[in-house]
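J.: Pasting in a structure now, in structure tokens, and then I'll have a few things to ask.
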Amino acid sequence: LCRGVVLASDTLVSLDGAPLGKPADEADARRMLRALSGREHEVFSGVCVMQKSTGRMALRSARTGVTFKELSDREISDYIATGEPMDKAGAYGIQGGAGAFVTRLDGSFENVMGFPIDVVGDMLRDFGIL
């Protein structure tokens, strides 16, 4: 970013309080998607902004509730075959094919994508960047 600001963000999916990171392999992705099927889960993102010249740092987080429809084995297999879930927390990308799995969203869509732009915007305004 401009003005010597460092911005970092990471996201994880939580089901019943247990974190779901990126799947290790297709079997892990299948396990995660089966676990999420028909259930509500949470997506958390942590954001850190640091101004290098002053050392000022701020940390914020965002939470979004997501509910999936019941997924058939075929839907799960077809989705895994796209390769899309393999680099995503919880084995899905809401901005891609898995968007069709979502029946309810309580919070920020962008947070589920992995970058809570509303939180980032507020933080950058606090730093006088925006």
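This note's numbering numbers the first residue of the sequence shown as 5 and each following residue consecutively.
For every residue, glycine included, the Cβ atom is placed at its ideal position computed from N, Cα and C.
Since the model is a prediction, treat every value here as computed from it, not as a measurement.
Using a threshold of 6 angstroms, is the CB atom of residue 128 nearer than that to any non-hydrogen atom of the ligand HEM?
T.: What this structure holds is no ligand at all, so the ligand HEM is not there to describe.
J.: Give the secondary structure of residue 23 by DSSP, where H, G and I count as helix, E and B as strand, and everything else as coil.
T.: Within the sequence shown, the letter at position 19 stands for residue 23. In this structure, residue 23 counts as strand in the three-state DSSP scheme.
J.: So, with DSSP's three-state summary, where would you put residue 60?
T.: On the sequence shown, position 56 is the one that residue 60 refers to. It is coil, neither helix nor strand.
J.: Is residue 109 closer than 7 angstroms to residue 70 when the C-beta atoms are compared?
T.: Here residue 70 is taken as the residue at index 66 of the sequence shown, counted from 1. Here residue 109 is taken as the residue at index 105 of the sequence shown, counted from 1. Their beta carbons are under 7 angstroms apart, which means residue 70 touches residue 109 by this criterion.
J.: Between residue 32 and residue 57, what straight-line distance do the alpha-carbon atoms span, to the nearest angstrom?
T.: The residue given as residue 32 occupies position 28 in the sequence shown. The residue given as residue 57 occupies position 53 in the sequence shown. In a straight line, the C-alpha of residue 32 is about 43 angstroms away from that of residue 57.
J.: Just curious, the beta strand (DSSP E) that residue 108 is in, first and last residue?
T.: Numbered from its first residue, the sequence shown carries residue 108 at position 104. Counting along the chain, the beta strand (DSSP E) containing residue 108 begins and ends at 106-110.
J.: Straight-line CA distance for residue 139 to residue 117?
T.: With the chain covering 5 to 134 only, the question about residue 139 has no answer from this structure.
J.: Specify, as a first and last residue, the run of the alpha helix (DSSP H) that residue 113 falls within.
T.: For the purposes of this step, residue 113 is taken as residue 109 along the sequence shown, with counting starting at 1. Per DSSP, residue 113 belongs to the alpha helix (DSSP H) from 113-117.
J.: Could you pull the DSSP bridge partners for residue 2 from this structure?
T.: Residue 2 falls outside the range modelled here, since the chain spans only 5 to 134, and no answer is possible.
J.: With a 10 Å radius around its C-beta and 16 neighbouring C-beta atoms as the bar for buried, classify residue 68 as buried or exposed.
T.: One-based indexing of the sequence shown puts residue 68 at position 64. Residue 68 comes out buried.
J.: For residue 30, tell me which candidate among 65, 91, 74 and 20 has the shortest Cα-Cα distance.
T.: In the sequence shown, the residue the question calls residue 30 occupies position 26. Nearest option by C-alpha distance: 91.
J.: Hey, how far is the Cα of residue 105 from the Cα of residue 76?
T.: Residue mapping note: residue 105 aligns to position 101 of the sequence shown, counting from 1. Residue mapping note: residue 76 aligns to position 72 of the sequence shown, counting from 1. The straight-line gap from Cα to Cα measures roughly 11 angstroms.
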